[in-house]
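Data block below; observations after.
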Amino acid sequence: MKRYLFFLLLIVSFCLHAQTEDEKAAKQAIIQFFEGFHQKDSAMMQQVVHKDIILQTTFVNKEGKAQLRTQDASGFINAVVSRAESPVWQEKILSYNVQVDGTMANVWTPYEFWLDGKFLHCGVNSFQLFKDNGQWKIIYLIDTRRKQDCKQ
């Protein structure tokens, strides 16, 4: 009886922590986005980015005022792929929290941003994805940026 209970608890535990196929696929879209980001590969990034993506960042400026900036998607991708080899950009994703409901997903990714091996800032990316013809596409990305309260 104890052995039966142990295996039942083990199976339930695995089921509770198992990601669905959609959760795995949405997470993989984010992983591919950052692989393209680090490799300066616009084609790799654009495979997982919707044509109407919105990019925003929020931060507190030196005067202590909350700011919200919107960036042109094509300008962002061009900046990523045309940047010089140095300084080296590295965005370290610390974890993934994936939520899916039908054709919509949210992926929350705390991160650290490093420039030539030196810590620059940390924050959180919040990705909204849309399942377009069976493929997860990033439709919205907003991130926070700060230098305090980081774990690096």
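In terms of the working numbering, the sequence shown opens at residue 6 and continues consecutively.
All C-beta atoms in this analysis are idealised placements derived from N, C-alpha and C, irrespective of residue type, glycine included.
Buried or exposed by the 16-neighbour rule on C-beta atoms within 10 Å, applied to residue i
i	result
N66	exposed
L73	exposed
L21	For L21, the predicted model reports a pLDDT of 47, less than 50, meaning its position is unreliable and no value from the coordinates is stated.
K156	exposed
G107	exposed
G69	exposed
Sub-8 Å separation of residue i and residue j beta-carbons
i	j	result
F64	R150	yes
T25	I147	no
L99	A78	no
Q76	V53	no
Presumed contact (8 Å Cβ cut-off) between residue i and residue j, rounded CB distance
i	j	result
V86	K56	Going by Cβ atoms, the distance from V86 to K56 rounds to 17 Å, so no, they are not a contact pair.
V142	F135	For the record, residue 142 in the displayed sequence is Lys; it is not Val. The pair is a contact, with the Cβ atoms about 5 Å apart (cut-off 8 Å).
Y145	I58	7 Å
Proximity winner among the options, relative to residue i (alpha-carbon distances)
i	options	result
A110	E96, C127, G139	G139
Q153	D137, F124, F135	F124
E28	G128, W113, C127	W113
L42	C127, R88, H126, V129	Reading the sequence as shown, one finds Phe at residue 42 and not Leu. When only C-alpha atoms are compared, the closest one is R88.
G80	S47, E68, G69	S47
K97	A71, A84, G128	G128
A84	N130, M50, H126	M50
Check: With contact counted as at least three CB pairs below 8 Å, one residue from each stretch, are the segment 102-113 and the segment 30-44 in contact?
Finding: yes
Note to self: Is it the case that the segment 115-132 contacts the segment 81-95, given that we only count it when at least three CB pairs across the two stretches are under 8 Å?
What the structure shows: yes
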